[in-house]
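This report refers to the structure that appears directly beneath it.
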Amino acid sequence: MGKHSPPLNGTVANGHALAPFTLPMQPRGPVSVLPSRTVQDRSGLFRDVDGDTAIRVLTAAVVLAVATFGAIVSYSHIFTLGHAHGQDGTAARLLPLSVDGLIAAASLVMLHAARRKLPVPRLARAMLVTGVIATVAANVLDGLPAAWITPVASALIGAAVSAWPAVAFIGCAEMVVQFVRDARQGDNDTTGDTTQAKELAAGLPATTPPVTSGDGSAPTRRSRPPELGKSRAASLSAEAEAARAGVSVRTIQRRRAKGRSTT
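Numbering-wise, the working numbering puts 1056 at position 107 of the sequence shown, and it's gapless, one number per residue.
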């Protein structure tokens, strides 16, 4: 060893023992690098897409495309028919929207009723049928040769075209009123059933409001008849059954009433 070379582990320098030292360990092999989150998310997304999901997406895309093409062509036909029978400017441009818009409005009202487990309004059905008949008739009349349409028929078509906006407005206004009324009634029924269930679950006594005695003394509380207690218990069981079935309490009550009437 050279004169100035450092002492090794365990040697003595100038009469003093040196503390042992170790060299730092170096990592062996390649360092693993986790893939980025974007790659993981993409791989998970593609793993979740199966055959059924692809079919549903393609079906929705095709249906949307066909509906768009049909709406554009129908708009052109109804616009031409209205323009040929006295509708100019804004009236001719908005006439096709009132026809197809009525169909969309009636369909949405029926869809809302189905989701809330409510009876489908008859007005919505009537407006849907009226809108379908109107759009089909308008497209057919636009395709007929002009020689086939007599002056009397042309006058009748012009009168029907002029009266149609009023029909669409009245139908949509009535559907909106009925839509709001049914929605509020359903919310009130659900709130009342929930309040009764909470009272029974909390163990509150089934009592009526205080009744004041005839001599003006302090009010007393009168217990409810057993029949009322049974009805509240029945409402609680109806709510539990509705929660298990995933429907509203009114639906369960109607089913029970229908079963009792049939028996």
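Glycine included, every Cβ here is placed at the ideal spot set by N, Cα and C.
Computed from a predicted model, the values in this text were never measured in an experiment.
Beyond the five residues adjoining it in sequence on each side, Asp1049 comes within less than 7 Å, by CB distance, of Ala1020, Ser1023, Thr1084 in the same chain, given in chain order.
Listed in chain order, the alpha helix (DSSP H) elements of length 4 or more contained wholly in the segment 1057–1093 are 1071–1092. When only Cα atoms are considered, Ile1052 and Ser1103 end up about 25 Å apart. Here Val1089 is exposed: its Cβ has fewer than 16 other Cβ atoms, across all protein chains shown, within 10 Å. By a beta-carbon distance limit of 8 Å, Val1110 contacts Leu1044. Their separation comes to about 7 Å. The DSSP-derived three-state label of Gly1050 is helix. Just measuring C-alpha positions, the residue of Asp1131, Gly1031, Asp1091, Ile1027 sitting nearest His1061 is Asp1131. Taking a 10 Å sphere around the C-beta of Gly1000, we find fewer than 16 other C-beta atoms and assign the residue as exposed. Rounded to whole angstroms, the separation of the alpha carbons of Val1006 and Ala1014 is 12 Å.
Listed in chain order, the non-local C-beta contacts of Gln1127 below 7 Å within the same chain comprise Pro1070, Leu1072, local neighbours out to five positions each way being set aside.
Counting of Cβ neighbours within 10 angstroms places Phe1028 among the buried residues, the total reaching 16 or more. The Cβ neighbour count for Gln1134, taken over all protein chains shown within 10 Å, is under 16; the residue is labelled exposed. Under the DSSP assignment, Val1012 falls in the alpha helix (DSSP H) whose first and last residues are 1000–1033. Shortest Cα-Cα distance from Met1059 to any of Gly1107, Val1125, Ala1003 involves Val1125. In this structure, the beta-carbon distance from Gly1080 to Ala1040 does not fall below 8 Å. Around the beta carbon of Ile1082, fewer than 16 other beta carbons sit within 10 angstroms, so the residue counts as exposed. Collapsing the DSSP output to three states places Gln1127 in a helix. With 16 or more other CB atoms across the displayed protein chains lying within 10 angstroms of its CB, Val1198 is buried.
By the Cβ neighbour-count rule, Gly1120 is buried, with 16 or more other Cβ atoms within 10 Å of its own.
The three-state secondary structure of Ile1201, taken from DSSP, is helix.
Rounded to the nearest whole angstrom, the C-alpha separation of Gly1092 and Leu1067 is 40 Å. Going by C-alpha positions, Ala1009 is about 21 Å away from Ala1063. Take Gln1202, set aside five residues on each side of it, and the residues of its chain with a beta-carbon closer than 7 Å to its own are Ala1187, in chain order.
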